[in-house]
Amino acid sequence: MAARKGSASGAKAGANVSAEELKKFYHDMLLIRRFEEKAGQLYGMGLIGGFCHLYIGQEAVVVGLEAATKEGDKRVTSYRDHGHMLACGMDPKGVMAELTGREGGYSKGKGGSMHMFSKEKHFYGGHGIVGAQVPIGAGLAFSDKYKGNDNVTFAYFGDGAANQGQVAETYNMAELWDLPVIFVIENNQYAMGTSVQRATKSPDFYERGIAYGIEGEEVDGMDVLAVKAAGEKAVAHCRAGKGPYILEIKTYRYRGHSMSDPAKYRTREEVQKIREERDAIEHVRQLLLTGKHATEDELKQIDKDIKAIVNESADFAKESPEPALEELWTDIYAETAPQNA
Amino acid sequence: MATKILMPALSPTMEEGTLAKWLKKEGDAISAGDIIAEIETDKATMEFEAVDEGTLGKILVPEGTSGVKVNDPIAVLLEEGEDASAAEEAEAPKPEAAAAPASAPAQAKPAEADDMPKPDTTPDWPEGTKMKTQTVREALRDAMAEEMRRDENVFLMGEEVAEYQGAYKISQGLLDEFGAKRVIDTPITEHGFAGLGVGAAFGGLRPIVEFMTFNFAMQAIDHIINSAAKTLYMSGGQMGAPMVFRGPNGAAARVGAQHSQDYGAWYAHIPGLKVVQPYSAADAKGLLKSAIRDPNPVIFLENEILYGRSFEVPDLEDFTIPFGKAKIWREGADVTIVSWGIGMSHSLEAAEKLAKEGIEAEVIDLRTLRPVDYDTVLASVMKTNRCVTVEEGFPVASFGNHLSAVIMERAFDYLDAPVINCTGKDVPMPYAANLEKLALVTSDEVVEAVKKVTYR
Ligand SMILES: Cc1ncc(C[n+]2csc(CCOP(=O)(O)OP(=O)(O)O)c2C)c(N)n1
Ligand SMILES: [Mg+2]
Chain A
1 MAARKGSASG AKAGANVSAE ELKKFYHDML LIRRFEEKAG QLYGMGLIGG
51 FCHLYIGQEA VVVGLEAATK EGDKRVTSYR DHGHMLACGM DPKGVMAELT
101 GREGGYSKGK GGSMHMFSKE KHFYGGHGIV GAQVPIGAGL AFSDKYKGND
151 NVTFAYFGDG AANQGQVAET YNMAELWDLP VIFVIENNQY AMGTSVQRAT
201 KSPDFYERGI AYGIEGEEVD GMDVLAVKAA GEKAVAHCRA GKGPYILEIK
251 TYRYRGHSMS DPAKYRTREE VQKIREERDA IEHVRQLLLT GKHATEDELK
301 QIDKDIKAIV NESADFAKES PEPALEELWT DIYAETAPQN A
Chain B
1 MATKILMPAL SPTMEEGTLA KWLKKEGDAI SAGDIIAEIE TDKATMEFEA
51 VDEGTLGKIL VPEGTSGVKV NDPIAVLLEE GEDASAAEEA EAPKPEAAAA
101 PASAPAQAKP AEADDMPKPD TTPDWPEGTK MKTQTVREAL RDAMAEEMRR
151 DENVFLMGEE VAEYQGAYKI SQGLLDEFGA KRVIDTPITE HGFAGLGVGA
201 AFGGLRPIVE FMTFNFAMQA IDHIINSAAK TLYMSGGQMG APMVFRGPNG
251 AAARVGAQHS QDYGAWYAHI PGLKVVQPYS AADAKGLLKS AIRDPNPVIF
301 LENEILYGRS FEVPDLEDFT IPFGKAKIWR EGADVTIVSW GIGMSHSLEA
351 AEKLAKEGIE AEVIDLRTLR PVDYDTVLAS VMKTNRCVTV EEGFPVASFG
401 NHLSAVIMER AFDYLDAPVI NCTGKDVPMP YAANLEKLAL VTSDEVVEAV
451 KKVTYR
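Chains as they are written, first to last, in UniProt numbering: chain A, 1 to 341; chain B, 1 to 456.
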């Protein structure tokens, strides 16, 4: 058992990544970014309401980890969930239409930005209570272990959530019962307006498992290849029946906590510096161009394709009707358990 | 093509705002992400970023303007190669495609064809069924064992449920029969294992989560309500938490304020939960079996004082009792007493005392609070014209309060007296023996209430 600071750098990990995969990373990350920008726009137009937490800046985390998964693996996260849903293959149209609260949304418009689910893609939400998804993720892993398969669950949560009592409770149970769950701390350095330093004197979240016997690792979340490499290692650990694993992924959110956050707790320069020097999408773009894996024209084409997908999802989200009024009274009780149906 | 920049909505409640400051001038080049203006919302001053690139062709709303409505054009953005004339064009009003389809005002009520109560009077088990005497404790254990034999996805998890055989010995023998995979001792982490149970249910298992007592479920109530009860709705029916949260509820004896509370009304408040509060051993067994099979999260409120009581239980291989079906324990024409759980003890005792004075009470055991069998209650009240409810919980927002409201709405003309709610007193449970006795609802109080509504 150990906790390691920093893991394989992208350059080293890059050796075993094909040009095709690199292009896919570029595509998937850019899709999330453009989708989120569009969501922000629709919010501004009043088409999306309530809370809306954008994932811009953190794209490499989910895209890198999804590259380490196989069919059957599960994922669960917080309210900052749009990126996770797109990365695991959920339809951008269904996600955007849920954001606008329409019938065509993943939850028929009844869940909203923070609450979406997909049985098909093993995406278990979308949770609005900070930290709640952590024991739920351990429970999903419990169900796989109980059934005797080798699936792994990714439980994503923030640096703020990491301080919740139920996270400590879950670490203890997960290691006690060797549950195949990867605790992914997306350390974007802020919980709303509270920086990590103002919330804890033990800011190395990857070390928090030591007390329970859980291995942990710190990962550069602006390097999708490093994330993938760390994900593969954690997945191998879990699939081998060795219990849970902690990945603290250092990342950064460019936008406010939610759409209504004026973000006065950090300087514009701080954000700008990371955008310019550390951007995960730009990083892959450079790898593609300097490695001659793709031409400018090819990348332009990817940009164009993504723009089309995003526009199509926005059109769908505007045109899809509001849910029928009868829907108010449905899905309160189930006749048969939906997961068994 | 020139595009209009619209006044953005920058908070969930913003309808209009002040354009505090323009940070770009007409003619400035703009790239996506540039801050172009500062806007004051109802909450804060926000920086407004450009989403597209181009040239700021024309400012339509000068800085300092307040009361600018969301979605009003505030500026015109020109694309590469366009000149100011495009700005004029863009300004001309265009018919807007309706963004959101309008909907008729919601009628927030499921249809009710006929308001007359139609109680379900079918017997719980066939006439002539052989019976055996069992304690509530044994009945609960048998229910779990039978369901665990029937469905291998059912498992029991909680503090001291396995090796210790249950803090109140409800899980006696289960570890031996089903092994450590299915009878699991947890650390003392209610919030954690309740959430873990919800995840296991999402993953296709049928967890029974035992709380050593429901007092400790307050640590877990977030997962019970936010994660278990609401997911089916939030997911549009895709996912839910078919599981049972069970354990002793209410006052035991002399355990003080933090260990003596009845949560029936609390959970009954929540759509998405089912709430069971049994009295007899047969009901405990038949209802727990139904709870384990139910595809929804069920709160199963037991009672420590009742655990050791013996009742007649049908000697059947498999029997269940449906939710939402009350049981009439005693028929009578003078007054309806409605109760559930331990309240039934006081109610039946009161009925005995009243009978000696010539008052015949009809005693109804609701058995489940959600769904609740209004029809049996209403039909009885229409017959007796008087009603007293009995529960252990606090008086404010008690379940009896709710029943009174329903009776008033649906049987107002049948009432000859106001409904009285007998409840625990409006105080934290005292420790002193004499005070505790005063704090709890008693059969004498029920008798007194009945006399009041029957004007004796
Ligand atoms: C139990 C709880 N407390 C408070 C909140 C309000 N809240 C929502 S998000 C948030 C900050 C969480 O930060 P972090 O875990 O770092 O995740 P991030 O938003 O950075 O992704 C807070 C305090 C909540 N949703 N739930
Ligand atoms: Mg954070």
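Built from N, CA and C at the ideal position, the CB exists for glycine as well.
Computed from a predicted model, the values in this text were never measured in an experiment.
- Residue A:GLY101 holds the alpha-carbon nearest to the alpha-carbon of ALA324 (chain A) among A:ILE185, A:MET192, A:GLY101.
- In this structure MET144 (chain B) is buried. Its beta-carbon is surrounded by 16 or more other beta-carbon atoms within 10 angstroms.
- The straight-line gap separating the alpha-carbon atoms of ASN188 (chain A) and GLY89 (chain A) is approximately 23 Å.
- Not one heavy atom of ligand 2 falls within 6 Å of the beta-carbon of ASN163 (chain A).
- Contact residues of ligand 2 (beta-carbon closer than 6 Å to any heavy atom; chain order) are A:GLY158, A:ASP159, A:GLY160, A:ASN188, A:TYR190, A:ALA191.
- In summary, VAL396 (chain B) is exposed, with fewer than 16 beta-carbon neighbours lying within 10 Å of its beta-carbon over all protein chains present.
- When DSSP reads this structure, GLU38 (chain B) sits in a beta bridge with B:LYS21, B:GLU47.
- The beta carbons of HIS84 (chain A) and VAL63 (chain A) sit no closer together than 7 Å.
- One alpha carbon belongs to GLY139 (chain A), the other to ARG182 (chain B), and they sit about 14 Å apart.
- As computed with DSSP, CYS387 (chain B) is found in a beta bridge with B:THR336.
- For the stretch 195-207 of chain B, the set of positions with a beta-carbon nearer than 9 Å to some beta-carbon of chain A reads GLY195, LEU196, GLY197, VAL198, GLY199, ALA200, ALA201, PHE202, GLY203, GLY204, LEU205, ARG206, PRO207 in chain order.
- Residues of the same chain with a CB within less than 8 Å of the CB of PHE316 (chain A), apart from the 5 flanking positions on each side, are LYS93, MET96, ALA97, GLY104 in chain order.
- Of all residues in the stretch 249-274 of chain B, only PRO271, GLY272, LYS274 place a beta-carbon less than 9 Å from a beta-carbon of chain A.
- For the pair GLN133 (chain A) and ALA155 (chain A), the CB atoms are nearer than the 7 Å cut-off.
- At a cut-off of 7 Å between beta-carbon atoms, VAL419 (chain B) makes no contact with chain A.
- Comparing C-alpha distances from LYS307 (chain A) to each of A:LYS23, A:GLU37, A:ALA230 shows the shortest one belongs to A:GLU37.
- The C-beta of TYR374 (chain B) comes no closer than 7 Å to any C-beta of chain A.
- Cα atoms of PRO117 (chain B) and GLU177 (chain B): separation of roughly 45 Å, rounded to the nearest angstrom.
- For TYR245 (chain A), the enclosing beta strand (DSSP E) starts and ends at 245-250.
- Look at VAL219 (chain A) here: in three-state DSSP terms it is strand.
- Taking a 10 Å sphere around the C-beta of MET157 (chain B), we find 16 or more other C-beta atoms and assign the residue as buried.
- Identification of chain A residues near SER11 (chain B) by a Cβ-Cβ cut-off of 8 Å yields MET259, SER260, ordered along the chain.
- Looking from the CA of PHE117 (chain A), the closest CA among B:GLY237, B:THR336, B:ASN421, B:ALA417 belongs to B:GLY237.
- VAL154 (chain B) places its beta carbon 7 Å or farther from that of GLU160 (chain B).
- Distances taken from the Cβ of ILE129 (chain A) to the heavy atoms of ligand 1 include one shorter than 6 Å.
- When C-beta distances to chain B are compared with 8 Å, the residues of the stretch 37-68 of chain A below that value are GLU37, GLY40, GLN41, TYR43, GLY44, MET45, GLY46, LEU47, GLY49, GLY50, PHE51, in chain order.
- If you check the CB distance, ARG367 (chain B) and LYS327 (chain B) come in under 7 Å.
- Cβ-Cβ separation between THR41 (chain B) and MET14 (chain B): approximately 5 Å, consistent with a contact (criterion under 8 Å).
- Here the distance from the Cβ of ARG80 (chain A) to the nearest heavy atom of ligand 1 is below 6 Å.
- If you look at ASP185 (chain B), you'll find it in the beta strand (DSSP E) that goes 183-185.
- Note on ALA405 (chain B): under 16 other CB atoms within 10 angstroms of its CB, so exposed under the neighbour-count rule.
- For GLU360 (chain B), the closest of B:GLU349, B:PHE48, B:ARG370 by C-alpha to C-alpha distance is B:GLU349.
- Taking a Cβ-Cβ threshold of 7 Å, the residues of chain B close to SER107 (chain A) are MET234, SER235, GLY236, in chain order.
- In the DSSP assignment, GLN166 (chain A) falls within the unbroken alpha helix (DSSP H) covering 165-176.
- Contact of VAL51 (chain B) with chain A is assigned, a C-beta pair being separated by under 7 Å.
- Minimum Cα-Cα distance from ILE59 (chain B) among the listed residues B:ALA44, B:VAL76, B:PRO418 corresponds to B:VAL76.
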